[in-house]
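Residue numbers (UniProt numbering): 1 to 193.
Quick reminder that beta carbons are idealized off the backbone N, C-alpha and C, glycines included.
Here the structure is a predicted model, which means the values were calculated and not measured.
(1) In terms of residues, what are the limits of the alpha helix (DSSP H) holding residue 149?
(2) Leaving out five residues on either side along the sequence, give the residues of the same chain with a beta carbon under 8 Å from the beta carbon of residue 17.
(3) Give the straight-line distance between the Cα atoms of residue 152 and residue 136, rounded to the nearest whole angstrom.
(4) Going by other Cβ atoms of all chains shown within 10 Å of its Cβ, with 16 needed for buried, is residue 146 buried or exposed?
(5) Report yes if the CB atom of residue 30 is closer than 9 Å to the CB atom of residue 84, and no otherwise.
(6) Where residue 155 and residue 13 are concerned, what is the direct C-alpha to C-alpha distance, given to the nearest angstrom?
(7) Can you tell which of 50, 49, 87 and 11 has its C-alpha closest to the C-alpha of residue 140?
(8) Quick check: the region 99–112 against the region 39–58, are at least 3 beta-carbon pairs closer than 8 Å?
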């Protein structure tokens, strides 16, 4: 593994983790402009660290864990911003938001019980859900009028992703990073019989 690209990729991911409390602070302070720009930068750096990791073939358990933590903290920071800047939207969509929160907590509790740590599957569905979440959240804070359809698309794909991850936690006895998805796990299992 080449050290410099490894440190750059993990440094970008670590930046996202460290920026999440700053983004939350900006929301609590009521600074909507800085909040949305720092949130946009966090989503952009998520894309950049993924591109660089693939470009330089950098993969590590630590990097996968950091990336998952950075993803979760960035989405949490965005949710805090939704609560503060758009409470009416949160009230209107509370059922769907609670559904996603419940699925996430179930997946997290199962993973902590089974593996003693968070998952870092990074499945195909998870990547698609992350793209839709970022697209929705960025349009929501920059151009709220055009974000409606993106919200429902992000909810559906995120719910499917979380359901798949719950099944993966139940199927996989040992912690694994960067699992393509349930289809490939089942295909591999049927091929090894």
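In terms of the structure at hand:
(1) 148–171
(2) 66, 69, 70 and 73
(3) 9 Å
(4) exposed
(5) yes
(6) 25 Å
(7) 87
(8) no
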